[in-house]
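Following: one structure in structure tokens, then a few remarks.
Residue numbers (our numbering): 980 to 1097.
In structure tokens:
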């Protein structure tokens, strides 16, 4: 399974940006899909997740500003980011996992850079 993430770029403080992730398999084949990020010198952290039961989970730092959603027609998962801050600057990674025969398979996209200027 491959995950292709796109949509990163440079945006000003307070601006908006949308990231999308297109898996090579049906999004319905995954248990959880989501976004993580890694800022320079920091560990990778969870941003938002979307489970097969349609529940969502957000990091406290992005609640109310970011929205994760699934587009069934396009077979993509997106992260709409608003009110961006310089501290949101990071490489954003798409993640997905599958549960099969008692095993969990974890997949990562290549990462897309988001830079928020102050």
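Ideal Cβ positions, reconstructed from N, Cα and C, are used throughout, including at glycine.
Own chain partners of residue 1094 with C-beta closer than 6 Å, once the 5 adjacent residues on each side are dropped:
989, 1068
My output table needs one value for residue 1005: the three-state DSSP class, helix, strand or coil.
coil
Helix, strand or coil for residue 1039? Go by DSSP, reduced to three states.
coil
Are the CB atoms of residue 1058 and residue 982 within a distance shorter than 8 Å?
no
Residue 1043, buried or exposed, once every other Cβ within 10 Å from all chains shown has been counted against 16
exposed
Just mark residue 1084 as buried or exposed, buried being the case when its beta carbon has 16 or more other beta carbons within 10 Å.
exposed
Quick one: Cα of residue 1036 to Cα of residue 1029, how far?
7 Å
Count the other CB atoms within 10 Å of the CB of residue 1041; is the residue buried (16 or more) or exposed (fewer)?
buried
Please report the straight-line C-alpha distance between residue 1060 and residue 1038, rounded to a whole angstrom.
13 Å
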